[in-house]
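Counting from 1 along the sequence shown, just add 543 to a position and that's the residue number in the numbering used here.
Positions of the beta carbon are idealized from the N, C-alpha and C atoms, including for glycine.
The structure appears below as structure tokens.
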Amino acid sequence: MKKYVNIINNMKFLNLLNNDDIDNINRNLDNLLLKYIKNDIKLDLQDYSFLSNNHIDTEFIDKRIKNLKIYIKTLDRLKKLPYIAQRTKEWYELRKNCLTASDLYEGTCKNNLLLAKKKAGVYINETDFTSIPPLKWGNMFEDMAIRCYKNDNRNIKVTEFGLIQNKDIKNFGASPDGISDLGIMLEIKCPYSRKIQKNNIPEKYYYQIQGQLAVCCLNECDYIECEFKTLESDSDYIENDSKYFGIIAEYYNEVDNIYKYLYSDNNLSKMETFTDIDNKIKDFNEENFIFKKKTKWYLNDIYVQRIHFNEELWKDILPKIAEFWSKVNDCKSLPIEYKKKQEPVKYKFIDDKDT
Numbered sequence: 544m545k546k547y548v549n550i551i552n553n554m555k556f557l558n559l560l561n562n563d564d565i566d567n568i569n570r571n572l573d574n575l576l577l578k579y580i581k582n583d584i585k586l587d588l589q590d591y592s593f594l595s596n597n598h599i600d601t602e603f604i605d606k607r608i609k610n611l612k613i614y615i616k617t618l619d620r621l622k623k624l625p626y627i628a629q630r631t632k633e634w635y636e637l638r639k640n641c642l643t644a645s646d647l648y649e650g651t652c653k654n655n656l657l658l659a660k661k662k663a664g665v666y667i668n669e670t671d672f673t674s675i676p677p678l679k680w681g682n683m684f685e686d687m688a689i690r691c692y693k694n695d696n697r698n699i700k701v702t703e704f705g706l707i708q709n710k711d712i713k714n715f716g717a718s719p720d721g722i723s724d725l726g727i728m729l730e731i732k733c734p735y736s737r738k739i740q741k742n743n744i745p746e747k748y749y750y751q752i753q754g755q756l757a758v759c760c761l762n763e764c765d766y767i768e769c770e771f772k773t774l775e776s777d778s779d780y781i782e783n784d785s786k787y788f789g790i791i792a793e794y795y796n797e798v799d800n801i802y803k804y805l806y807s808d809n810n811l812s813k814m815e816t817f818t819d820i821d822n823k824i825k826d827f828n829e830e831n832f833i834f835k836k837k838t839k840w841y842l843n844d845i846y847v848q849r850i851h852f853n854e855e856l857w858k859d860i861l862p863k864i865a866e867f868w869s870k871v872n873d874c875k876s877l878p879i880e881y882k883k884k885q886e887p888v889k890y891k892f893i894d895d896k897d898t
């Protein structure tokens, strides 16, 4: 049972809970507390009674408020930092000059020579990663995953960030998918074909989250997995009874080799999404972007795990980052290698089918 929760003297209730129940209880409490914190409202007995819901200790509520205030203060500091937006040319260039959280697991493994060569600029991979189906799928649905998460959490605001660096962690950076107004980090995964496994997080992603939390000086992250499905026919889309749905318009820029997506607005009826996306397509006129297709989607499943900063693991990781970057510097004197563009191949991701 997680230390995060403190349930009062109700063992029968406690024994009925699993980790997912506890996460959901705490997440709901956090969302309720945000109003009190933002408006600097001092809790009275009636507030405690409402928030405790007959099973959460008032001392835990006080402690939680204290921690959330620290997280929010950290978020305010992060918002003032200069950063480069994700997936821009400048963002990709900056990532070449440091180990990033998404590569942390590979960089701290023994078999990290190829990654070191890439960072040193002596291994040039000309593969077009923008069109690899699992990566393209994840990029297309990330904004919709955040929308679904926000809707499930009282429309909490989520701030997006580019690459963030911490002066106390040399040659390392992280690009969190977002941070909520509570100071809770978000890490989004939208599996292309892999089934969501409850109470499981691949080690690569666990390391990624630890690196992001360390860079941002935060303690908690919601690891969000969303299973999206697409529908071909309009009738199937209209008849589908899922809570979250919409239409995506896809554009491609051949000059810069980038994709751009337009999304039907939130909280519309099925019929309204057709009109809304058509209006967006009509109004879109960015240079060099060619319309490709429309995708009708719905959310089939969402699973959220609360991950905490692992201080002991991070102490072990820190020297390995320095060792990796030393290897990068050593590789800079090596001859340049090229990996030529190839015909489409089957790429291996986590569990062979992941993003």
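Residue i (DSSP reduced to helix, strand or coil)
| i | result |
| --- | --- |
| I879 | coil |
| G681 | helix |
| R697 | coil |
| Q755 | helix |
| N899 | Nothing about residue 899 can be read from this structure; the chain reaches only from 544 to 898. |
| F827 | coil |
| E793 | strand |
| F832 | strand |
| D573 | helix |
| T651 | coil |
| S723 | strand |
| K803 | strand |
| T643 | strand |
Chain-order list of residues whose beta-carbon lies under 7 angstroms from that of residue i (same chain, five-residue window excluded)
| i | result |
| --- | --- |
| L756 | M728, N762, C764, F852 |
| K622 | T702 |
| S645 | Q751 |
| A688 | I731, C733, I767, C769 |
CB-CB length for residue i against residue j, believed under 8 angstroms
| i | j | result |
| --- | --- | --- |
| V871 | N831 | Actually they do not touch by this definition, with Cβ atoms about 35 angstroms apart. |
| E703 | G716 | Contact doesn't hold; Cβ gap of about 16 angstroms is too wide. |
| Y750 | L647 | 5 angstroms |
| L706 | L637 | 5 angstroms |
| D686 | Y787 | Going by Cβ atoms, the distance from D686 to Y787 rounds to 12 angstroms, so no, they are not a contact pair. |
| K772 | Y841 | 6 angstroms |
| Y802 | T601 | With 8 angstroms as the limit, Y802 and T601 do not qualify as a contact, their Cβ atoms being about 50 angstroms apart. |
| I820 | M683 | Actually they do not touch by this definition, with Cβ atoms about 14 angstroms apart. |
Length of the line joining the Cα atoms of residue i and residue j
| i | j | result |
| --- | --- | --- |
| E775 | T838 | 8 angstroms |
| R570 | N696 | 8 angstroms |
| I580 | I608 | 7 angstroms |
| K585 | K578 | 11 angstroms |
| L877 | L658 | 14 angstroms |
| M554 | H598 | With a pLDDT of 44 at M554, under the threshold of 50, the modelled position of that residue is not reliable, and no figure is offered here. |
| N654 | N709 | 26 angstroms |
| Q753 | M814 | 42 angstroms |
| K863 | C769 | 32 angstroms |
| I712 | I667 | 27 angstroms |
| N828 | N822 | 12 angstroms |
| P625 | C652 | 31 angstroms |
| Y614 | L725 | 7 angstroms |
| P677 | G789 | 20 angstroms |
| K616 | R737 | 37 angstroms |
| P734 | Q589 | 43 angstroms |
| E854 | L861 | 11 angstroms |
| F556 | E730 | Low local confidence applies: a pLDDT of 48 at F556 is under 50, so the model's placement there is unreliable, with the coordinate-based value given in what follows. C-alpha separation (whole angstroms): 31 angstroms. |
| A865 | I824 | 48 angstroms |
| I879 | V665 | 4 angstroms |
| R690 | E782 | 22 angstroms |
| D583 | L572 | 16 angstroms |
| K882 | D671 | 11 angstroms |
| N698 | I767 | 16 angstroms |
| I568 | L856 | 27 angstroms |
| K700 | Q848 | 19 angstroms |
| D605 | F593 | 14 angstroms |
| I850 | R620 | 22 angstroms |
| T818 | D808 | 10 angstroms |
| S723 | Y780 | 31 angstroms |
| S812 | D777 | 13 angstroms |
| P719 | V758 | 10 angstroms |
For residue i, the residue or residues it bridges with in DSSP
| i | result |
| --- | --- |
| C733 | In the DSSP output, where bridge partners are listed per residue, C733 has none listed. |
| E770 | D844 |
| I584 | Paired residue(s): none; I584 is not in a bridge. |
| A717 | I707 |
| D765 | L729, R849 |
| F788 | Y841 |
Contacting residues, own chain, Cβ-Cβ under 6 angstroms from residue i (five flanking each side not counted)
| i | result |
| --- | --- |
| K836 | E793 |
| A663 | V871, C874, K875 |
| N796 | N831, F832 |
| I551 | Low local confidence applies: a pLDDT of 41 at I551 is under 50, so the model's placement there is unreliable, and no value is given. |
| C641 | N714, F715, G716 |
Other residues of its chain near residue i: CB distance less than 8 angstroms, five sequence neighbours each side excluded
| i | result |
| --- | --- |
| K741 | D563, Y846 |
| N843 | E770, F771, K772, S785 |
Heavy atom of the ligand PLP within 8 angstroms of residue i beta-carbon
| i | result |
| --- | --- |
| Y749 | This structure lacks the ligand PLP, and indeed carries no ligand of any kind. |
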